[in-house]
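Visitor: Those letters in the sequence shown? Residues 174 to 723, per our numbering, in order. A virtual CB, placed ideally from N, CA and C, is assigned to each residue, including glycine.
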Amino acid sequence: MYDRNGIVLAKNLIFYRLKIKPNNTNIFFQKIINLQKILKLKNNKYDIINIIKKNIKNNNYKSIILKFNLSQVQKSKFLVNRYKFPEISLVTFQKRFYPYGRIFSHVIGYVKLYDDKKSIFFKNTNLIKRYIKNHPIGVNGIEKYYENLLYGTVGYQKIATNNQGKYKYKICKKNAYTGSDIFLTIDLFLQRYIYSLMINIKGVVIVSNPKNGNILAMVSTPGYDPNLFMNNNRNNNLNILLKNINHPLVNRAIQGIYPPASTVKPYLSLIALNFNLINENTILFDPGWWKIPKINQFYKDWKKKGHGYLNIIKAIQESSDSFFYQLSYNIGINKIHQWMTKFGYGKLTNIDLFDEKIGNMPTKKWKFNNIQLPWYLGDTILVGIGQSYWNATPIQIHNALTILINNGMSKALHIYQKRKLNNIFYYYLPSKDKKIIDLPIKYWDIVKLGMYNVANKKQGTMYKYFSSANYHIAAKTGTAQVFNLKNIKKCNVKSIKKKLRDHKLIIAFAPFEDPKIAITIIIENSNISIGYITRKIFDYIFKHKEKFLI
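#1: Do Lys538 and Ser492 have their C-beta atoms within less than 8 Å of each other?
#2: Have a look at Leu550, Tyr431, Asn405, Arg269 and flag the residue whose alpha-carbon is nearest the alpha-carbon of Lys464.
#3: Using a Cβ-Cβ cutoff of less than 7 Å, which residues in the same chain neighbour Phe266 once the five nearest sequence positions on both sides are dropped?
#4: Looking at the structure shown, is Thr553 part of a helix, part of a strand, or coil, going by DSSP?
#5: Going by the CB atoms, is the gap between Tyr283 and Phe471 shorter than 8 Å?
#6: For Tyr175, which option in Leu370, Leu323, Asn700, Val627 has the closest C-alpha, if you only look at C-alpha atoms?
#7: Can you tell me whether DSSP reads Ile703 as helix, strand or coil?
#8: The beta strand (DSSP E) that contains Lys473, what's its start and end?
#9: Considering Gln499, what are the terminal residues of the alpha helix (DSSP H) in which it resides?
#10: Let's see if you can read the secondary structure: which residues bound the alpha helix (DSSP H) around Lys250?
#11: Nearest by alpha-carbon distance to Asn564: which of Leu252, Phe711, Gln428 is it?
#12: Look at Val377 and Ser393 and say whether their C-beta atoms are less than 8 Å apart.
#13: Relative to the C-alpha of Asn424, which candidate in Tyr502, Phe362, Phe527, Ala333 has its C-alpha closest?
#14: Given this structure, state the Cα-to-Cα distance separating Asp552 from Asn533, to the nearest angstrom.
#15: Quick check on Lys631: buried or exposed, where buried means 16 or more other Cβ atoms within 10 Å of its Cβ?
#16: Spatial neighbours of Phe458 within its chain, please: CB distance less than 6 Å, with the 5 preceding and 5 following residues excluded, ordered by chain position.
#17: Can you find the residues in the same chain that come closer than 6 Å, C-beta to C-beta, to Gln247, ignoring five residues on each side of it along the sequence?
#18: Taking only three categories from DSSP, how would you classify Leu546?
#19: Would you mind reading off the limits of the alpha helix (DSSP H) that contains Ser413?
#20: Classify Gly386 as buried or exposed, calling it buried when 16 or more other Cβ atoms lie within 10 Å of its own Cβ.
#21: For Tyr518 and Val380, what's the separation of their Cα atoms in angstroms?
#22: Tell me whether the region 614-630 and the region 442-460 touch, counting them as touching only if at least three CB pairs, one residue from each stretch, are closer than 8 Å.
#23: Does Ala333 pass the burial test, meaning 16 or more other C-beta atoms within 10 Å, or should it be called exposed?
#24: To the nearest angstrom, report how far apart Gly314 and Ile588 are at their CA atoms.
#25: If you run the structure through DSSP and keep just helix, strand and coil, what is Met624?
#26: When burial is assigned at 16 or more other CB atoms within 10 Å of the CB, is Lys716 buried or exposed?
#27: Can you tell which of Pro466, Glu686, Ile706 has its C-alpha closest to the C-alpha of Leu678?
#28: Tell me Phe598's beta-bridge partners as DSSP assigns them.
#29: Residues in its own chain within less than 6 Å of Pro399 by CB, not counting five upstream and five downstream?
#30: Taking Tyr273 and Leu357 to be in contact with their CB atoms under 8 Å, please state how far apart those CB atoms are, rounded to whole angstroms.
#31: Near Leu622, what residues of its chain come up, given a Cβ to Cβ distance below 7 Å and the 5 sequence neighbours on each side ignored?
#32: Less than 7 Å between C-beta atoms, sequence neighbours within five positions excluded: which residues of the same chain meet that for Phe496?
#33: Taking DSSP as the reference, what is the three-state secondary structure of Asn297?
#34: Identify the continuous beta strand (DSSP E) that holds Tyr273 and give its terminal residues.
#35: Taking C-beta to C-beta, are Thr522 and Leu586 nearer than 8 Å?
#36: Take the Cβ of Glu316 as the centre, count every other Cβ of all protein chains shown within 10 Å, and call the residue buried at 16 or more, exposed below.
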């Protein structure tokens, strides 16, 4: 398996085993002693002899593994002395190796040795005929999704033996065929750089080319080293990871569930523009709160003194909550749901990874069926800032951003680039672009200008991080509340338990004039600046623009 540059991300290493075929115990006893002296084997020779004795007693003449992983020195010494041990054979076997460990753990996944034909993996498939015991199968990630391309076909030879296990004649033979080499859209160097920024952070970063849906980086932290599952201690290693409270086995990019928070405000703006509830000249006043008409129920803005008079562009720029409380109230939950599903919320993106979560785009019916409560106006108000019962995966958030960048055109997000089989390349065939949201270009431009101002105009929530950049991005930030502080008068954020701290989100694209990079970042329960990380990633990309911006 390779990255987009042809750098190996996963490969098979060849190892050597010594196999012994039982026959005469007394002769073997001395030969095993001699072999252990030559190769300096640590196996207990008496254990091996006892196994051989037991097998012969039970008329079982199957080969026994004498030594698993021979070193190169041991292998060489055995080959020199091979003539002394005709009953012992040197056998090769392969083991999967992941040179970049945890950096690619959630994208690539890992394999396990197939040992159970009753496995769920084989239900309702004809794959079972392709596998033999102790051969690897993909467990998750790309290893699992493209298992049928990677694996190939196992060869075998059936022979007849006598009652002592000695060869008599060949019954049949089937040749082995190698699987495909798969190339990913992921860039190793970008992936590794982003991972270095996210060490000791719980979160996710997705980077793609919005023009074609190529995923250039997908980092979920914390990760795990897939090589831990390639040794004899794999079950213990798995249990340790399963008990880890930071859930390193979870691919947050497709399985993490978060409120999308204020990253949805551009989409709410498009809905309001479409239904003529506002236009670019509409001015609303934000005093720091908004009240549902005829009901004495107030909703506070994140900015205590408010943002003053705002049009839609400035409301996006400054991320005014009060502005979008009123917008969501005027739109209503039914239309919000109808249009947000067009942006992919509440639906799978069908990226080429298994076990993607679907999130939740709430409706009145959903609330009644799941919580046995009616839908309140207050629920709609909070949906307007991406909270309430609205949850999404980072890949859904990123997919919505891609649709926005392309003015309503859908681009399938994918990690697979091409495969090579018998020196022939077979390239990813993109699905036909679909115009799933048809709105006037003017509306898209209004919303994108608001996002541009987020990073390039004073009062923009990302201005301090990008005012000095020699390139232009557009962005929208968000803060997803995990713990309600409304009844606490004063609170030092450092005193709040880490798991109760807010999540930070950002969606962004660049260059603003001709977007070729889209980024989604979520940082869980942390005070670390998401703006700093976003700037670092964009700086890296623009520093290597010959790779990413052509």
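Guide: Quick look at the numbers:
#1: With respect to the 8 Å criterion, Lys538 and Ser492 are not classified as neighbours on the basis of their beta carbons.
#2: The candidate whose alpha carbon is nearest that of Lys464 is Leu550.
#3: Non-local C-beta neighbours of Phe266 in its own chain, meaning closer than 7 Å and more than five positions away in sequence, comprise Phe188, Arg190, ordered along the chain.
#4: Thr553 falls in the helix class under three-state DSSP.
#5: Cβ atoms of Phe471 and Tyr283: not closer than 8 Å.
#6: The shortest C-alpha separation from Tyr175 is found at Leu323.
#7: Of the three classes helix, strand and coil, the one that applies to Ile703 here is helix, per DSSP.
#8: For Lys473, the uninterrupted beta strand (DSSP E) run begins and ends at 471-473, by DSSP.
#9: Segment 494-504, the alpha helix (DSSP H) holding Gln499.
#10: Its alpha helix (DSSP H) spans residues 245-253.
#11: Selected option, being the one with the closest Cα: Gln428.
#12: Taking 8 Å as the cut-off, the Cβ atoms of Val377 and Ser393 count as close.
#13: For the residues Tyr502, Phe362, Phe527, Ala333, the minimum Cα distance to Asn424 belongs to Phe527.
#14: Asp552 and Asn533 have their C-alpha atoms roughly 14 Å apart.
#15: Counting other Cβ atoms within 10 Å of its Cβ, Lys631 stays below 16 and is therefore classed as exposed.
#16: Excluding sequence neighbours, Phe458 sits near Tyr482.
#17: Closer than 6 Å at Cβ, skipping near neighbours: Leu212.
#18: Leu546 carries a coil assignment under DSSP once its states are collapsed to helix, strand and coil.
#19: Residue identity differs from the one stated: residue 413 is Ile in this sequence, not Ser. In this chain, the alpha helix (DSSP H) harbouring Ile413 covers 407-416.
#20: With 16 or more Cβ atoms within 10 Å of its Cβ, Gly386 is classed as buried.
#21: Between the alpha carbons of Tyr518 and Val380 lies a gap of roughly 19 Å.
#22: Yes, they touch.
#23: When all chains shown are included, Ala333 counts as exposed.
#24: Rounded to the nearest angstrom, the two C-alpha atoms are 10 Å apart.
#25: It is helical.
#26: The residue in question, Lys716, is exposed, as its Cβ has fewer than 16 Cβ neighbours within 10 Å.
#27: In terms of Cα proximity to Leu678, the closest of Pro466, Glu686, Ile706 is Ile706.
#28: Its beta-bridge partners are Lys593.
#29: If the five residues before and after Pro399 are omitted, its C-beta is found closer than 6 Å to the C-beta atoms of Tyr271, Ser278, Tyr283, all from its own chain and listed in chain order.
#30: With a Cβ gap of about 12 Å, Tyr273 and Leu357 do not count as contacting.
#31: Closer than 7 Å at Cβ, skipping near neighbours: Ile486.
#32: Excluding positions up to five away in sequence, the list reads Leu457, Asp459, Leu483, Ala488.
#33: Residue confidence for Asn297 is low, a pLDDT of 46 falling below 50, so the modelled location carries little weight; the figure read from the coordinates is stated next. Asn297 falls in the coil class under three-state DSSP.
#34: Neither: Tyr273 is in no beta strand (DSSP E) and is coded neither H nor E.
#35: Their beta carbons are under 8 Å apart, which means Thr522 touches Leu586 by this criterion.
#36: Classification of Glu316: buried, given that the 10 Å Cβ count is 16 or more.
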